[in-house]
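Residue numbers (the working numbering): 1038 to 1449. Notes follow once the structure below has been shown.
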Ligand SMILES: [Zn+2]
Ligand SMILES: [Zn+2]
């Protein structure tokens, strides 16, 4: 189709500056909620592209929004606008730089957005509806969940669909992502000389160790695909001082968000039992819950069809498709707006969260694959804009899926 070819041309035309954008973010890795340079680089990118309303520090210090309002469309503004959102992530990992390739996520989102805008500008009469393109810069995916904060702030309201893509070892319209609850558990006891007056002390390390063991015992009663994993972050100062405060960090994961309250209640009993046994006080701080991804078959199919025309080789390995079980704050987005987060090959077999992946995400070799993912995403958006019945089925599927999952949540 000519418009799709035109769209790919628009993205290729911006290839050099898109590469500069992701190289810039890659060369200055920043941790969750501290992505000031990445934020500024994206804001400058859209300001320079022209025509965008750029809202820096949008609702969060390192989030941003860029919006472009297209012309009225063939129906003279009677229909639409259809609001398409592209998401950019850009946080890095401690000690490893961009080992998850989020610099490339930023590039994909920016590429798809400027490409689609440029195409609509040149061919407005071909579009049956008015088009609005929104880019959301969403910080803190690796730690904290910036998208969950942004949902709470209403940042996704009004969008009809959201699209993003994540670097991986293969092309896949979807990979399993599970729900996640992360938390900090703190025990407070009383210090004392551990040899002279041990009876005066209340041992917070004992509480931490009991907590760890309680959860290890609990693990054998969990469903096979539930996960509990944690660390002792602080365990005391010196052997001859009874530790008076300790800290653990835990992740609880279940296949769906509906099971999170169940595992959370079980874990909480373990935390509290350890406090009771030792006489310590316990504080549990639950942070943002990440939801599993509410899938959208129509969007996945469109992405796959478009990707194939660009030469993507989608994995059919069931092991890959079903066994990976990381978590993402995109899951939460998928429950408020229909959307997909496909995965894309970047020219390397290195695994995410390794130094080798950091190198791959900054390599020139990743560029054609990154632009290809952006093209497949933008083409998917184009399908929805040109064929309103497809957008309707995307929305219907989303509403049905959400209703089904909400019912499960209520049952627990
Ligand atoms: Zn990651
Ligand atoms: Zn990631």
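The beta carbon of each residue, even a glycine, is placed where N, CA and C say it ideally should be.
Q) Does DSSP put residue 1089 in a helix, in a strand, or in coil? A) If DSSP states are grouped into helix, strand and coil, residue 1089 belongs with coil.
Q) So what does DSSP say about residue 1278, is it helix, strand or coil? A) Strand at residue 1278.
Q) Quick check: the segment 1211-1231 against the segment 1313-1329, are there 3 or more CB pairs under 8 Å? A) Yes, they touch.
Q: Could you tell me whether the Cβ atoms of residue 1117 and residue 1157 are closer together than 9 Å?
A: No.
Q: To the nearest angstrom, report how far apart residue 1177 and residue 1099 are at their CA atoms.
A: Rounded to whole angstroms, residue 1177 to residue 1099 spans 9 Å at the Cα level.
Q: Pair every Cβ in the segment 1046-1057 with every Cβ in the segment 1134-1150, then say whether three or more of these pairs are closer than 8 Å.
A: Contact between the segment 1046-1057 and the segment 1134-1150 is present, because at least three Cβ pairs lie under 8 Å.
Q: Take the Cβ of residue 1371 as the centre, count every other Cβ of all protein chains shown within 10 Å, and call the residue buried at 16 or more, exposed below.
A: Answer is buried; the Cβ neighbour count reaches 16.
(Q) ligand 2 and residue 1389: does any heavy atom of the ligand fall closer than 8 Å to the residue's C-beta? (A) For ligand 2, at least one heavy atom lies less than 8 Å from the Cβ of residue 1389.
Q.
Are the CB atoms of residue 1283 and residue 1241 within a distance shorter than 9 Å?
A. The answer is yes: Cβ separation under 9 Å.
Q) Thinking C-alpha only, which one of 1092, 1069 and 1068 is nearest residue 1079? A) Selected option, being the one with the closest Cα: 1092.
Q) Cβ atoms of residue 1224 and residue 1337: under 9 Å apart, would you say? A) With a cutoff of 9 Å on beta-carbon distance, residue 1337 and residue 1224 are scored as not near each other.
Q: Following the continuous beta strand (DSSP E) through residue 1056, name the residue where it begins and the one where it ends.
A: Looking at the DSSP string, residue 1056 is not in any beta strand (DSSP E); the run it does join, the alpha helix (DSSP H), is 1052-1064.
Q. How long is the line joining the alpha carbons of residue 1189 and residue 1102, rounded to whole angstroms?
A. Taking the straight line from one Cα to the other gives about 16 Å.
Q | residue 1047 CB to nearest heavy atom of ligand 3 below 8 Å | A | No copy of ligand 3 occurs in the structure displayed; its ligands are ligand 1 and ligand 2 alone.
Q) Residues near ligand 2, CB to any non-hydrogen atom under 6 Å, in chain order? A) Spelled out in chain order, the answer is 1137, 1139, 1178 and 1203.
Q) In its own chain, which residues sit with a C-beta less than 7 Å from the C-beta of residue 1135, not counting the 5 before and 5 after it? A) If we look at residue 1135 and ignore the five residues flanking it on each side, its Cβ neighbours are 1063, 1066, 1129, 1395, 1398 and 1399.
Q. Any contact of the segment 1202-1210 with the segment 1373-1381, i.e. 3+ C-beta pairs under 8 Å?
A. Verdict: yes, contact present.
(Q) Please tell me whether residue 1269 and residue 1300 are closer than 9 Å, where the distance is taken between their beta carbons. (A) For residue 1269 and residue 1300, no; Cβs fall outside 9 Å.
(Q) Only counting the same chain, and skipping five residues up and downstream in sequence, which positions put a Cβ closer than 8 Å to that of residue 1196? (A) Result list for residue 1196: 1120, 1121, 1122, 1171 and 1374, in chain order.
Q. In or out: residue 1277 buried (at least 16 other Cβ within 10 Å) or exposed?
A. Exposed.
Q) Is it the case that the CB of residue 1363 approaches a heavy atom of ligand 1 more closely than 8 Å? A) Ligand 1 approaches residue 1363 closely enough that one of its heavy atoms is under 8 Å from the residue's Cβ.
Q. Just the Cα atoms here: how many angstroms apart are residue 1389 and residue 1127?
A. If I take the Cα positions, the gap works out to 15 Å.
Q | Selection from 1151, 1293 and 1124 that minimises the alpha carbon distance to residue 1139 | A | Among 1151, 1293 and 1124, the Cα nearest to that of residue 1139 is on 1124.
Q) Mind checking residue 1251: buried by the 16 CB within 10 Å criterion, or exposed? A) Counting other Cβ atoms within 10 Å of its Cβ, residue 1251 reaches 16 or more and is therefore classed as buried.
(Q) In the DSSP output, which residue or residues are listed as bridge partners for residue 1227? (A) Beta-bridge pairing links residue 1227 to 1239.
Q. Looking at residue 1044 and residue 1421, is the spacing between their C-beta atoms short of 9 Å?
A. No.
Q.
Measuring CB atoms only, is the segment 1331-1351 touching the segment 1409-1419, in the sense that at least three cross pairs come out at less than 8 Å?
A. Taking one beta carbon from each stretch, the segment 1331-1351 and the segment 1409-1419 have 3 or more pairs nearer than 8 Å; the two touch.
Q. Skipping 5 residues on each side, what residues in its chain have a beta carbon closer than 6 Å to that of residue 1320?
A. Correct list, in chain order: 1223.
Q | Top-ranked residue by Cα proximity to residue 1401, from 1384, 1244 and 1051 | A | Checked all of 1384, 1244 and 1051; the closest Cα to residue 1401 is 1384.
Q: Could you please give the first and the last residue of the uninterrupted alpha helix (DSSP H) stretch that includes residue 1317?
A: Run containing residue 1317: none; DSSP gives neither H nor E here.
Q) Unbroken beta strand (DSSP E) runs of length 3 or more, entirely within the segment 1156-1241: which are they? A) Within the segment 1156-1241, the complete beta strand (DSSP E) runs of at least 3 residues fall at 1168-1174, 1198-1200, 1203-1205 and 1216-1225.
Q) Terminal residues of the continuous alpha helix (DSSP H) containing residue 1345? A) If you look at residue 1345, you'll find it in the alpha helix (DSSP H) that goes 1334-1346.
Q: Determine the closest residue to residue 1441 out of 1407, 1406, 1307 and 1293, with distance taken between C-alpha atoms.
A: Comparing Cα positions, the closest option is 1293.
Q. Hey, would you say residue 1200 sits closer than 9 Å to residue 1335, going by beta carbons?
A. Cβ atoms of residue 1200 and residue 1335: not closer than 9 Å.
Q: Evaluate residue 1076 with the Cβ neighbour count: other Cβ atoms within 10 Å of its Cβ, from every protein chain shown; 16 or more gives buried, anything less gives exposed.
A: Per the 10 Å Cβ criterion, buried.
Q. Would a C-beta distance cut-off of 9 Å place residue 1248 and residue 1285 closer than the cut-off?
A. Yes, they are a contact pair.
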